[in-house]
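K.L.:
I'd like to ask you about the structure that follows.
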Amino acid sequence: MARSKIDLRNPIFHDDDAAREYLETVLWSQGPVCPRCGVMGDRITKMAGKSLRAGVYNCKDCRKPFSVMVGTVMERSHIALSKWVLATRLMAASKKGFSAHELHRCMDISYEAAWFLFHRLREAAHDPAPAPLGGANKVVEIDETYIGGKEHNKHASKRKHPGGGAKGKAPVVSLVERDGKTRSFHVANVTAKNLRPIIVKHASRKSYMMTDESAVYPAIEDEFAGHGSVNHSAEEYVKTGGFHHTNTVESHFALLKRGVYGTFHNISELTEFSPLEGEGKRQRLIASWWLILE
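According to my numbering, the sequence shown is numbered sequentially starting from 1459.
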């Protein structure tokens, strides 16, 4: 689906009042809503006066003033609202990622401010309880890749895995719903035992599972509506008129790796909270590609 284009000369990117009015139309499509008690309509009044800043409303139920920033990641921020909107646009338009250093150069703000914006916007993009990918009559492509530099390119003192290949790299498994969202996870090893809990939790069992010829997936296929595969080792990439392929998830990996090569250069492996509540802590790779590929 084609993305709508936005002219960066639009006033919302350099005028705070225009940015505020734009956010009100986006966040309050049915009119102002109190972020504390949720009332709207005639229970909300717009406040005016020389001592008040623009865009302040008052709730007659909880008797608290609020603006479009209250209850969002922009609340209590001293960064101009127009810069928030511009940073959001720049991040969302950069398919291979956008570094905080680049943002601080493009927007003429400090690196600390750019770092703050990035953390807040990534948090805003986080879905605490996402629905499973796929569903009836939908295809979920699943594949794994390995992130990390080649052993022969490393300094001799850094080489820990002679022979190269996938040794020393971080395995990442991705689930991609065709014409839908993507979810990626770092796993210790690519085995059916490690992948099954991730796949059955994040993909609807009504989905048709599409993979390559890896021996990992046949052990899981009976739990889904169907399973198709292509044999990459035999140079088979598409069959049955274009239905059987894993090109969507391969394209996701291409963007991910080019983000590492060209933008982030290095990704640290950290222990961080899981995308889903109750799943516990998980080892995963920290990057920003999910913001615009989900």
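Glycine included, every Cβ here is placed at the ideal spot set by N, Cα and C.
When DSSP labels each residue in this structure, what does Gly1507 get in the three-state scheme?
P.N.:
Working through the sequence shown from its first residue, we reach residue 1507 at position 49. The answer is coil: DSSP assigns Gly1507 none of H, G, I, E or B.
K.L.:
Taking C-alpha atoms, which residue in Pro1676, Thr1704, Phe1682 and Ile1678 lies nearest to Val1688?
P.N.:
Within the sequence shown, numbered from 1, the residue matching residue 1688 stands at position 230. It is Thr1704 whose Cα lies nearest to the Cα of Val1688.
K.L.:
Label Cys1564 either buried or exposed according to how many other C-beta atoms from any shown protein chain fall within 10 Å of its C-beta, with 16 as the threshold for buried.
P.N.:
Translated into the one-based positions of the sequence shown, residue 1564 becomes position 106. Per the 10 Å Cβ criterion, exposed.
K.L.:
Could you give the DSSP three-state label for Cys1520: helix, strand or coil?
P.N.:
Here residue 1520 refers to the residue found at position 62 when the sequence shown is read from its first residue. Coil, per DSSP.
K.L.:
Run the CB neighbour count on Lys1541, radius 10 Å, all protein chains shown included, and call it buried at 16 or more, exposed below.
P.N.:
Looking up residue 1541 in the sequence shown gives position 83. Lys1541 should be labelled buried.
K.L.:
Report the residue from Lys1463, Pro1493, Val1526 and Gly1717 whose alpha carbon sits nearest the alpha carbon of Val1484.
P.N.:
Residue 1484 sits at position 26 when you count from the first residue of the sequence shown. That would be Val1526, whose Cα lies nearest to the Cα of Val1484.
K.L.:
Quick one: what's got a C-beta closer than 6 Å to Ala1582's C-beta in the same chain, skipping five residues either side?
P.N.:
The sequence position of residue 1582 within the sequence shown is 124, counting from 1. Cβ within range, chain order: Val1531.
K.L.:
Taking Met1498 as the reference, give the member of Ser1615, Trp1486 and Met1505 with the closest Cα.
P.N.:
Within the sequence shown, residue 1498 is the residue found at index 40, counting from 1. When only C-alpha atoms are compared, the closest one is Trp1486.
K.L.:
If we ignore side chains and look at the alpha-carbon of each, how far apart do Arg1534 and Lys1625 end up?
P.N.:
Numbered from 1 along the sequence shown, position 76 holds the residue referred to as residue 1534. Numbered from 1 along the sequence shown, position 167 holds the residue referred to as residue 1625. Each residue's alpha carbon lies about 46 Å from the other.
K.L.:
For the beta strand (DSSP E) holding Phe1574, just list the boundary residues, first then last.
P.N.:
Taking the sequence shown and counting its residues from 1, one reaches residue 1574 at position 116. Looking at the DSSP string, Phe1574 is not in any beta strand (DSSP E); the run it does join, the alpha helix (DSSP H), is Tyr1569 to Ala1583.
K.L.:
Identify the residues that DSSP records as bridge partners of Val1543: which are they?
P.N.:
As a first step, residue 1543 must be located in the sequence shown, where it is residue number 85. Partner(s): none; Val1543 has no beta bridge.
K.L.:
Take the Cβ of Glu1730 as the centre, count every other Cβ of all protein chains shown within 10 Å, and call the residue buried at 16 or more, exposed below.
P.N.:
The residue labelled residue 1730 in the question sits at position 272 within the sequence shown. With a pLDDT of 38 at Glu1730, under the threshold of 50, the predicted position of this residue should be treated as unreliable, and no value is reported.
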